[in-house]
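**Q** Taking our numbering, I'd label the letters of the sequence shown as residues 224 to 482. Ideal Cβ positions, reconstructed from N, Cα and C, are used throughout, including at glycine.
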Amino acid sequence: MIEILNPTEVARAKETGVVVADILQALKRRATVGTNLLDIDRWAKTMIVEAGAVSCYVDYAPSFGRGPFGHYICTGVNDAVLHGLPRDYSLADGDLLTLDLAVSKRGVAADAAISFIVGDSEPPESAAMISATERALGAGIAAAGPGARIGDISHAIGSVLSEAGYPINVQFGGHGIGSTMHQDPHVPNTGRPGRGYKLRPGLLLALEPWVMADTAELVTDADGWTLRSATGCRTAHTEHTIAITNDGAEILTLPSGQA
Numbered sequence: 224m225i226e227i228l229n230p231t232e233v234a235r236a237k238e239t240g241v242v243v244a245d246i247l248q249a250l251k252r253r254a255t256v257g258t259n260l261l262d263i264d265r266w267a268k269t270m271i272v273e274a275g276a277v278s279c280y281v282d283y284a285p286s287f288g289r290g291p292f293g294h295y296i297c298t299g300v301n302d303a304v305l306h307g308l309p310r311d312y313s314l315a316d317g318d319l320l321t322l323d324l325a326v327s328k329r330g331v332a333a334d335a336a337i338s339f340i341v342g343d344s345e346p347p348e349s350a351a352m353i354s355a356t357e358r359a360l361g362a363g364i365a366a367a368g369p370g371a372r373i374g375d376i377s378h379a380i381g382s383v384l385s386e387a388g389y390p391i392n393v394q395f396g397g398h399g400i401g402s403t404m405h406q407d408p409h410v411p412n413t414g415r416p417g418r419g420y421k422l423r424p425g426l427l428l429a430l431e432p433w434v435m436a437d438t439a440e441l442v443t444d445a446d447g448w449t450l451r452s453a454t455g456c457r458t459a460h461t462e463h464t465i466a467i468t469n470d471g472a473e474i475l476t477l478p479s480g481q482a
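(1) For Q406, does the count of other Cβ atoms within 10 angstroms reach 16, so buried, or fall short, so exposed?
(2) Taking S349 as the reference, give the member of C279, H460, F287, R418 with the closest Cα.
(3) Please name the residue, chosen from V277, L314, N301, that lies closest to V256 on a Cα-to-Cα basis.
(4) In three-state terms, what does DSSP make of T356?
(5) Would you call K421 buried or exposed, if buried means 16 or more other Cβ atoms sit within 10 Å of its Cβ?
(6) Please report the residue range of the alpha helix (DSSP H) in which P230 lies.
(7) Once the 5 residues before and after P424 are set aside, which same chain residues still bring their CB inside 7 angstroms of it?
(8) Cβ-heavy atom distance between T298 and the ligand HEM below 6 angstroms?
(9) Distance check for I373 and G417, CA to CA, integer angstroms please.
(10) Alpha carbon to alpha carbon, what distance is there between G471 and L488?
(11) Can you grab the Cα-Cα spacing for the pair I227 / S344, in whole Å?
(12) Where does H378 sit, in a helix, a strand or coil, going by DSSP?
(13) Can you have a look at S286 and say buried or exposed, based on whether 16 or more other CB atoms are within 10 angstroms of its CB?
(14) Count the other CB atoms within 10 Å of the CB of M270; is the residue buried (16 or more) or exposed (fewer)?
(15) Run through the DSSP bridge pairs and tell me what Q406 is partnered with.
(16) Which runs of the alpha helix (DSSP H) spanning at least 4 residues fall entirely within the segment 331 to 356, listed in chain order?
(17) Does the pairing of the segment 228 to 244 with the segment 472 to 481 give three or more beta-carbon distances under 8 angstroms?
(18) Could you name the residues of the same chain whose beta carbon sits closer than 7 angstroms to that of T454, not counting the 5 residues immediately before and after it, in chain order?
(19) Quick one: which unbroken beta strand (DSSP E) runs of 3-plus residues sit fully inside the segment 243 to 326? Chain order, please.
(20) When the Cβ atoms of the segment 440 to 453 are set against those of the segment 261 to 268, are three or more pairs found closer than 8 angstroms?
(21) Considering only residues of the same chain and omitting the five flanking positions on each side of G447, which have a CB-CB separation below 7 angstroms?
(22) Expressed to the nearest angstrom, what Euclidean distance is found between the alpha-carbon atoms of V272 and L308?
(23) Between which two residues does the beta strand (DSSP E) harbouring E226 extend?
(24) Indicate whether D334 and R451 have their beta-carbon atoms separated by less than 7 angstroms.
Laid out in structure tokens, this is it:
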């Protein structure tokens, strides 16, 4: 299903997006050396409830997972890049942590992810990988607008990631979003310009460049959810929800001070 939202619904999506962004930034500030991933999940639950929102993850049970997910946020550490199931693990200095959060409020969902390094250490390879996903996301957003096609976004994202030297997995990527978290169209992280669905005002997309340092192959943990790099290398993931407007694209998942 491809859903086109009206202006009132897009305004509600922006409200949801601010909730997502503010929670992610609050969790980033609290995620210090020694913080347990299960505490992050509990904090996320509390903040979602206090915001009057609903988790998109707790009851999430797609065909590729061992559902329901049962937690409020995805927490990926180092080689875990997607669908990281919170577990009993305390963060160490230099860990690369990815937080991925999707909530719904007033009937409209928003989805975003951030990757960052915990503590005082800043391994240059990890910082470079995070930067590449952020630049790729910016390029994808710049390529989005009415009349553009999904392939234009995919090509823009993939060009940045490839130029940075990272292999690209196309099994998981961005997606449509609206009254539900995952909708068509699929937005691969590489592709050919001029191909695919033609973008229209009111379309919401969650764009999410993610990479693994030296492989495009994923493996699944015994928990049935957490996806890791097949080689054990580090990973990074950055995501925003955007709305296609009459003259471009608007980022919906910005913190309240930037929205």
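**A** Straight from the coordinates:
(1) By the 16-neighbour rule on beta-carbons within 10 angstroms, Q406 is buried.
(2) Nearest of C279, H460, F287, R418 to S349, Cα basis: H460.
(3) Nearest option by C-alpha distance: L314.
(4) Reduced to three states, the DSSP call for T356 is helix.
(5) By the neighbour-count rule (16 or more Cβ atoms within 10 Å), K421 is not buried but exposed.
(6) It spans 230 to 253 - the alpha helix (DSSP H) in which P230 sits, taken as one unbroken run.
(7) Excluding residues within five positions, the ones whose Cβ falls inside 7 angstroms are P369, I467, T468, N469.
(8) Here there are no bound small molecules, and the ligand HEM is not part of this structure.
(9) Distance between G417 and I373, taken at the CA atoms: about 8 angstroms.
(10) The question about residue 488 has no answer here: the residues shown for the chain are numbered 224 through 482.
(11) Each residue's Cα considered, the two are about 44 angstroms apart.
(12) In this structure, H378 counts as helix in the three-state DSSP scheme.
(13) By the 10 Å Cβ count, S286 comes out exposed.
(14) That one is buried.
(15) DSSP links Q406 through a beta bridge to G399.
(16) Listed in chain order, nothing qualifies, since the segment 331 to 356 has no complete alpha helix (DSSP H) run of 4 or more residues.
(17) Cβ pair count under 8 angstroms is three or more, so yes.
(18) Here the set comprises D437, T438.
(19) Within the segment 243 to 326, the complete beta strand (DSSP E) runs of at least 3 residues are 297 to 300, 303 to 305.
(20) No, because fewer than three Cβ pairs between the segment 440 to 453 and the segment 261 to 268 fall closer than 8 angstroms, the two stretches do not touch.
(21) Excluding residues within five positions, the ones whose Cβ falls inside 7 angstroms are G288, R289.
(22) Taking the straight line joining both Cα atoms gives about 20 angstroms.
(23) Per DSSP, E226 lies in no beta strand (DSSP E) and is assigned neither H nor E.
(24) Not closer than 7 angstroms, so no.
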